[in-house]
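Residue numbers (our numbering): 6 to 132. For each residue, glycine too, the CB sits at the ideal point set by N, CA and C. Fair warning: this is a prediction, and the values are worked out from it, not measured in the lab. Before any comments, here is the structure.
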């Protein structure tokens, strides 16, 4: 078994595509019009995909505390240089919720940020 795709319901497709494509440098793939919603795809490497969905009908936003049980907490990406990525994200005006820090028990250095949709992302640099 392997990961096929991760889906994010977006607030603003233009900002989301800018963030994942321009800021993070993910490769943009196809867009698919499903009638009541649009799907925009980015490559996550290997065969994994990031699927951004924008529904034509607005149904509101969810605001759950990060310690809420039964929800996906965050999506984590590996990176080779957390500190330079941190500076790039700050320069782009991205909400950074934790500065670069070493997590000794897990053998990595990381940061946490919010994407334009409020989704928490973690960037990990392994020791």
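Residues near residue i by beta carbon distance below 7 Å, same chain, minus five either side
i: residue 61; result: 41 and 42
i: residue 121; result: 16, 17, 20, 21 and 24
i: residue 67; result: none
i: residue 97; result: 28
Selection from the options that minimises the alpha carbon distance to residue i
i: residue 91; options: 55, 49, 130 and 69; result: 130
i: residue 32; options: 50, 93 and 12; result: 50
i: residue 132; options: 124, 93 and 112; result: 112
i: residue 7; options: 34, 30, 104 and 53; result: 53
i: residue 123; options: 107, 106, 100 and 75; result: 100
i: residue 48; options: 118, 74, 66 and 82; result: 82
i: residue 78; options: 35, 34 and 119; result: 119
i: residue 106; options: 10, 30, 117 and 36; result: 117
i: residue 63; options: 14, 95 and 108; result: 14
i: residue 55; options: 26, 102 and 109; result: 26
6 Å CB neighbourhood of residue i in its chain, flanking five on each side removed
i: residue 84; result: 90, 128 and 130
i: residue 39; result: none
Rounded Cβ spacing between residue i and residue j (contact assumed at less than 8 Å)
i: residue 44; j: residue 58; result: 6 Å
i: residue 34; j: residue 80; result: That belief does not hold up - the Cβ atoms of residue 34 and residue 80 are roughly 17 Å apart, past 8 Å.
i: residue 87; j: residue 115; result: 6 Å
Beta-carbon contacts of residue i that lie in its chain and below 8 Å, excluding the five residues immediately before and after
i: residue 93; result: 28
i: residue 36; result: 43, 44, 45 and 46
i: residue 76; result: 69
DSSP beta-bridge partners of residue i
i: residue 56; result: 12 and 46
i: residue 62; result: According to DSSP, residue 62 bridges with nothing at all.
i: residue 37; result: 44
i: residue 125; result: 119
Span of the alpha helix (DSSP H) around residue i
i: residue 74; result: It is not in any alpha helix (DSSP H) - residue 74 carries neither H nor E in the DSSP assignment.
i: residue 19; result: 18-22
Where the beta strand (DSSP E) through residue i begins and ends
i: residue 90; result: No beta strand (DSSP E) contains residue 90, which is instead part of the alpha helix (DSSP H) from 87-96.
i: residue 84; result: No beta strand (DSSP E) holds residue 84; DSSP gives it neither H nor E.
i: residue 107; result: 100-108
Any non-hydrogen atom of the ligand PLP within 7 Å of residue i CB
i: residue 95; result: For the structure depicted, the ligand PLP is absent and the ligand set is empty, with no information on it obtainable.
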